[in-house]
Every structure is written in C-alpha cells, then in structure tokens.
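These notes concern the structure reproduced below.
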C-alpha cells in the first residue's frame, strides 16, 4: 500500500486544500488582490452576486455568524463588499459584492478552473471528474453561486 493510500482522508483533504488555497491566493495577490487572506474565502466563495445574508454565508461556509461579521467588516474596509438593506426583510442586511468584489469573484472562478485543469492533467480528466463527483457526494451538496 502506498503512503497516500494509508493516509486518512482528513490529512489528504487538508493537504489538497492547502495546495489549492496557496495557488489561488498567490495568483490573486499577483493580480492585485494582495490584501485578501484565505479566511476571506468564507465570505467571497459563498457570496451570491445579488447579495447574501450573513446567516446564509455562515451556514454555507460552516463558519460561526460572528466570524462572518468580522470577515464582512474586513472585506467592506477593503472595498470588496457592502451591506445593503434586504428588500425582502427591512430588518435584514444583504452582503453585496462591489465592482471590485465582482471582479475578484470572476478572476477567482477563472483561476480555480485553471487550477482544476492542472489537477486533471496530473491524474487524467476522467479520474479527476470521478474524484470531484465522489468528493461532492461525500461532502454533501455544494454551493453553486447564483
């Protein structure tokens, strides 16, 4: 049995996540988003372009709502998001990406596709597609940006 086969899924997924985030955030930094940190992904990766309530971001990202509030404060100060009244509930606020935030989201989507292409080239397109399918099945239904 190879070393990889004997490693537990937690260790393997942690290494994959670390590699993925390193590639993504170093490329984002090189493109001018150098003040974004990995922790900001708990908001930016789960943010709908039309806006999302903080409670929904917390649920999607499995992050405590108070942490989401702190991250939104940071992202607002950096110019990536704004808080706007929710038209469906005047008591609630939506976290809405600014133009800079929408540009970062589009760039991140393109970079993620490139990173995934490189992974697919490493193991073969069919194996990578099967891996993603199994990973999604194990992890549950993934969030898809609307």
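Numbering (the numbering used here), first residue to last: 36 to 181. Just so it is clear, CB atoms sit at the ideal spot from N, CA and C, and this is done for glycine as well.
Close-in-space but distant-in-sequence residues of the same chain around residue i (CB under 7 Å, 5 per side omitted)
i, result
"residue 90", "100"
"residue 55", "150"
"residue 137", "84"
"residue 147", "59"
Whole-angstrom distance between residue j and residue i, CA atom to CA atom
i, j, result
"residue 123", "residue 131", "15 Å"
"residue 70", "residue 45", "29 Å"
Residue i - partner residues in DSSP beta bridges
i, result
"residue 87", "130"
"residue 116", "132"
"residue 149", "Answer is none; residue 149 lacks a bridge partner."
"residue 121", "124"
Residue span of the alpha helix (DSSP H) that contains residue i, given as start and end
i, result
"residue 45", "44–65"
"residue 173", "160–174"
"residue 77", "76–79"
Same chain only: Cβ atoms within 6 Å of residue i, ignoring 5 sequence neighbours per side
i, result
"residue 105", "none"
"residue 102", "none"
Inset, instruction - Flag this pair as touching only if the segment 44–58 and the segment 112–129 have three or more C-beta atom pairs under 8 Å; answer yes or no. - result: Output reads no: the segment 112–129 does not touch the segment 44–58.
Legend entry - the segment 81–89 / the segment 170–180 touching (three or more Cβ pairs under 8 Å): Pairwise C-beta distances place the segment 81–89 in contact with the segment 170–180, as three or more of them are shorter than 8 Å.
Inset, instruction - Take every Cβ of the segment 148–162, pair it with every Cβ of the segment 102–116, and state whether three or more of those distances are shorter than 8 Å. - result: Between the segment 148–162 and the segment 102–116 there are fewer than three inter-stretch CB-CB distances shorter than 8 Å, so the stretches are not counted as touching.
Inset, instruction - Evaluate contact between the segment 58–78 and the segment 127–143, counting only Cβ atoms and requiring at least three cross-stretch pairs below 8 Å. - result: Under the Cβ criterion (8 Å, minimum of three pairs), the segment 58–78 counts as touching the segment 127–143.
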